[in-house]
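Trainee:
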Amino acid sequence: SWDNTPRRQNHSNVFEYARPGAYQAWLEAVLEETHEQNFGEERIVFINAWNEWGGGKHLEPDKRYGHGFLEATRNARDAWLLKREQVLS
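Here you go:
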């Protein structure tokens with residue numbers, strides 16, 4: 027989930043039902059899109075605020091999903107690297 031209402035008040039965004047699997051699928055798509063649409067040093071994906079507990083969005087281990095979001099980050103990276111390897115071979 028994500029809720030930045032405390033910081034943005036009437037201009038906030040609220041997203042519910044975040045799950046590691048959905049996050050992984052999204053990150054895989056972002057990695058692919060970044061690779062396809064950018065070149066050289068412009069091919070970068072920046073993860074901002076991995077411990078944004080106040081907004082309800084964090085990648086750090088928690089009681090509900092354990093290391094799920096960190097593992098999803100690693101899995102998305104690994105899947106993308108494997109795909110790139112297969113394209114090159």
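Remember, my numbering sits 26 above the position in the sequence shown when you count from 1.
Just so it is clear, CB atoms sit at the ideal spot from N, CA and C, and this is done for glycine as well.
Who does residue 88 pair with in a DSSP beta bridge?
Mentor: Position 62 of the sequence shown, counted from the first residue, corresponds to residue 88. Partner(s): 92.
Trainee: Are the Cβ atoms of residue 61 and residue 103 separated by less than 9 Å?
Mentor: Within the sequence shown, numbered from 1, the residue matching residue 61 stands at position 35. Within the sequence shown, numbered from 1, the residue matching residue 103 stands at position 77. No, the pair does not count as a contact, with Cβ atoms beyond the cut-off.
Trainee: If you run the structure through DSSP and keep just helix, strand and coil, what is residue 42?
Mentor: As a position in the sequence shown, residue 42 is number 16, starting the count at 1. Coil at residue 42, not helix or strand.
Trainee: Around the C-beta of residue 55, are 16 or more other C-beta atoms found within 10 angstroms, so that it is buried, or is it exposed?
Mentor: Start at 1 with the first residue of the sequence shown, and residue 55 comes out as number 29. Answer is exposed; the Cβ neighbour count stays below 16.
Trainee: Whole angstroms are fine: how far does the CA of residue 30 sit from the CA of residue 46?
Mentor: Within the sequence shown, residue 46 is the residue found at index 20, counting from 1. Within the sequence shown, residue 30 is the residue found at index 4, counting from 1. Taking the straight line joining both Cα atoms gives about 20 Å.
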